[in-house]
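A.B. asks:
Number of protein chains: 2
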Amino acid sequence: MAQPLTDYQRLCIHTMTTKPLSLSEAIEEYTRAGVSGITVWRHHFEEMGAKEAGKMLDDSGLEVVSLCRGGFFPARSAQGREAARDENRRIIDEAAAIGAPLIVLVCGAVPGIPLDEARRQISDGIADVLPHAAAAEVKLSIEALHPMYADERSAINTLEQANNVVSTLRSPWLGVTVDVYHCWWDPMLKSEIARAGNRIFSFHVCDWRTPTRDILNDRGMMGEGCIDLRSIRGWVEDAGFRGPIEVEIFSDEFWQWDQRALIEQIKRAWLVHV
Amino acid sequence: MAQPLTDYQRLCIHTMTTKPLSLSEAIEEYTRAGVSGITVWRHHFEEMGAKEAGKMLDDSGLEVVSLCRGGFFPARSAQGREAARDENRRIIDEAAAIGAPLIVLVCGAVPGIPLDEARRQISDGIADVLPHAAAAEVKLSIEALHPMYADERSAINTLEQANNVVSTLRSPWLGVTVDVYHCWWDPMLKSEIARAGNRIFSFHVCDWRTPTRDILNDRGMMGEGCIDLRSIRGWVEDAGFRGPIEVEIFSDEFWQWDQRALIEQIKRAWLVHV
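Residue numbers (my numbering), protein chains in the order written: chain A, 1 to 274; chain B, 1 to 274.
#1: Helix, strand or coil: which one does DSSP assign to Asp116 of chain B?
#2: Measure the CB-CB distance between Arg26 of chain A and Thr15 of chain A and report whether it falls below 8 Å.
#3: Just how far apart, CA to CA, sit Leu145 of chain B and Thr212 of chain A?
#4: Mapping the DSSP letters down to three states, classify Cys249 of chain B as helix, strand or coil.
#5: Is His273 of chain B near Met222 of chain B, with beta carbons less than 8 Å apart?
#6: Hey, quick one: how far does the beta strand (DSSP E) through Trp41 of chain A stretch, first residue to last?
#7: Quick one: what's got a C-beta closer than 6 Å to Ile232 of chain B's C-beta in the same chain, skipping five residues either side?
#8: Residues of chain A with CB closer than 9 Å to the CB of Ile126 of chain B, please, in chain order.
#9: With 16 other CB atoms within 10 Å as the buried threshold, where does Pro187 of chain B fall?
#10: Got a sec? Which residues, its chain only, sit under 7 Å from Arg230 of chain A by beta carbon, not counting five neighbours each side?
#11: Taking only beta-carbon positions, decide if His146 of chain A is within less than 8 Å of chain B.
#12: Examine chain C for any beta-carbon lying closer than 8 Å to the beta-carbon of Leu115 of chain B, and answer yes or no.
#13: Classify Arg42 of chain B as buried or exposed, calling it buried when 16 or more other Cβ atoms lie within 10 Å of its own Cβ.
#14: If we count Cβ pairs, one from each stretch, closer than 8 Å, do we get three or more for the segment 255-263 of chain B versus the segment 48-59 of chain B?
#15: Could you pull the DSSP bridge partners for Glu202 of chain A from this structure?
#16: Closest Cβ-Cβ distance between Glu152 of chain A and chain B: below 8 Å?
#17: For the 8 Å Cβ check, are there 3 or more pairs between the segment 28-39 of chain A and the segment 83-97 of chain A?
#18: Output needed in chain order: residues of the segment 160-174 of chain A with a Cβ under 7 Å from some Cβ in chain B.
#19: Taking Asp228 of chain A as the query, report the chain B residues whose CB atoms sit under 9 Å from its CB, ordered along the chain.
#20: Comparing alpha-carbon positions, which option in B:Phe250, B:Ile142 and B:Pro114 lies nearest Gly225 of chain A?
#21: Could you name the residues that DSSP lists as bridge partners for Glu14 of chain B?
#22: For Arg209 of chain B, collect the residues of the same chain with a Cβ closer than 8 Å to its Cβ; drop the 5 residues on either side in sequence, then sort them by chain order.
#23: Which residue marks the beginning of the beta strand (DSSP E) containing Lys139 of chain A, and which one marks its end?
#24: Straight-line CA distance for Glu152 of chain A to Ala118 of chain A?
#25: Just to confirm, are Ala134 of chain A and Ser167 of chain A a CB contact at a threshold of 8 Å?
#26: I want to verify the contact list: residues of chain B whose CB lies under 7 Å from the CB of Trp208 of chain A, in sequence order.
#27: Sorry if obvious, but does the Cβ on Pro187 of chain A come closer than 7 Å to a heavy atom of the ligand MN?
#28: How should Thr158 of chain B be labelled, buried or exposed, when 16 other C-beta atoms within 10 angstroms of its C-beta is the threshold for buried?
#29: How is the beta strand (DSSP E) around Arg154 of chain B delimited, first residue to last?
#30: Which residues, in chain order, does the segment 209-220 of chain B contribute to contact with chain A at a C-beta distance below 7 Å?
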């Protein structure tokens with residue numbers, strides 16, 4: 001079992017966690033609170049553009065941990081699949097522009113496309129954009145999504161599947177993201193984390209609320225749910241991961257809070273439960 | 001791929017699908033509609049008792065396919081676990097009384113009990129009540145529940161896990177239920193259905209709606225979602241299963257319909273999509 005964290009050196013927050021804040025407000029509040037890292041969601045710099053966002057982030061002194069998100073490779077037509085690949089190449093350029101070394105891939109799924117076909121399209125799509133990622137020196141990280149998102153968000157639903165894609169494509173620019181929300185239930189989790197080893201590129205935390213009131217936006221604060229966060233962090237660290245730990249909470253409830261108070265709540269939960 | 005069904009000989013409906021109907025109303029409507037089988041949920045005979053329900057069902061001519069549901073074995077205390085086993089022995093007696101040859105097990109989970117510990121308690125609990133099931137000649141069938149129910153409904157979340165319990169306990173009275181809603185996303189589904197073989201004791205259908213508006217009660221009618229029902233039925237039949245196919249839909253939407261109209265809708269969807 002991992003030891004409790006005693007400072008905020010590895011604390012990274014997703015801008016989506018504090019969705020009501022603009023990018024500049026998020027930077028200001030995270031810095032003020034002593035948060036070390038920031039993972040930036042694309043819509044947070046949609047208006048200003050990646051170049052401007054990159055300058056702002058560079059000036060901030062925050063560590064830019066990753067860009068969320070690329071992926072969504074499956075489509076009904078070859079044209080649709082090519083458009084998705086073009087979009088991912090643009091996202092890679094954006095990541096380079098904002099100084100993010102990593103893009104999280106939500107791989108995609110389309111109701112009506114059989115899952116095995118979607119999985120092939122995902123693997124082919126990633127293979128196709130990997131050279132662009134390598135040229136830009138931006139890593140791609142496959143995030144297995146909870147099976148409840150297999151209809152329209154991702155056909156990659158277990159860490160085992162994500163590891164399989166990584167094993168097949170064999171690129172130093174391709175790895176996996178372990179997100180406790182998506183995989184805490186998986187009986188293979190511990191062994192697949194060990195198998196992933198140094199291909200664990202990032203690690204996301206939150207908690208699973210009981211009851212879960214909304215299938216998308218009711219994630220819990222660390223400690224208020226049933227996920228054994230400390231054990232999972234231990235497995236990830238045993239596998240060699242020592243990078244930032246990213247707090248990614250989509251919550252209609254927390255988005256209504258004063259966001260400064262929310263950040264302080266995250267810091268308290270961080271020391272006790274992560 | 002399986003061929004379309006052309007009659008209602010294998011059509012069974014869960015009383016929970018037509019929740020607003022009393023047991024006698026359900027019997028009347030199913031019979032009127034030419035439905036062949038009925039799976040009875042316990043609360044539908046809570047007031048009258050199992051003996052009275054058994055008489056009513058026996059008189060109806062409907063095939064009693066199964067009783068829903070037993071299980072919920074994990075508990076924080078030894079006393080709680082023993083109470084759960086006693087309750088399951090009572091449920092076995094009820095099944096015998098209503099003429100149900102099978103009990104579906106929703107195995108249970110408790111927030112805060114680690115999943116691996118819950119899984120041990122489930123296996124131990126089933127082992128403990130199996131002799132009672134054998135004596136009553138009632139089969140027990142483990143239903144793997146969708147991972148989104150791993151917090152408080154079941155720590156058995158894949159068919160592989162259910163098959164593992166069956167392999168370990170090795171009793172002719174223990175098998176698995178394949179419910180498309182819970183396992184459609186699973187990359188191992190086809191191979192685990194083949195592995196289950198003649199231990200597939202029952203087969204449940206409905207569909208997965210996009211978007212899913214409620215984590216419990218928003219299941220779709222067959223054909224209105226993304227589950228490849230025909231393929232999964234083919235795998236189940238290739239494994240040797242030729243029993244009733246059970247329509248189990250929890251839906252706040254459909255429970256508001258006229259229930260006779262709902263049964264007719266089920267019959268239409270049955271011929272086209274199952």
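Note that the Cβ used here is the ideal one computed from N, Cα and C, for glycine as well.
C.D. replies: Result, derived from the coordinates:
#1: helix
#2: Reading the sequence as shown, one finds Ala at residue 26 of chain A and not Arg. Yes; because the gap between Cβ atoms is below 8 Å, this pair is in contact.
#3: 16 Å
#4: The question names Cys, but residue 249 of chain B in the sequence shown is Ile. Looking at Ile249 of chain B - three-state DSSP - the assignment turns out to be coil, as it is neither helix nor strand.
#5: yes
#6: Gly37 to Trp41
#7: Val180
#8: Here the premise fails: no neighbours, minimum Cβ distance about 17 Å.
#9: buried
#10: Met1 and Ala2
#11: yes
#12: In summary, chain C is missing from the structure at hand, where the protein chains are A and B.
#13: buried
#14: no
#15: The amino acid occupying residue 202 of chain A in the given sequence is Ser; Glu does not appear at that position. Bridge partners of Ser202 of chain A: A:Thr177.
#16: yes
#17: no
#18: Gln161
#19: Pro114 and Leu115
#20: B:Pro114
#21: With the sequence shown as reference, residue 14 of chain B is identified as His, and Glu is not the correct amino acid for it. Bridge partners of His14 of chain B: B:Thr39.
#22: Asp218, Arg219, Gly220, Glu224 and Gly225
#23: Lys139 to Glu143
#24: 10 Å
#25: no
#26: Asp151
#27: The model depicted lacks the ligand MN and carries no ligand whatsoever.
#28: buried
#29: Per the sequence shown, the amino acid found at residue 154 of chain B is Ser instead of Arg. Element bounds for Ser154 of chain B: n/a, residue is neither H nor E.
#30: Thr210, Thr212 and Ile215
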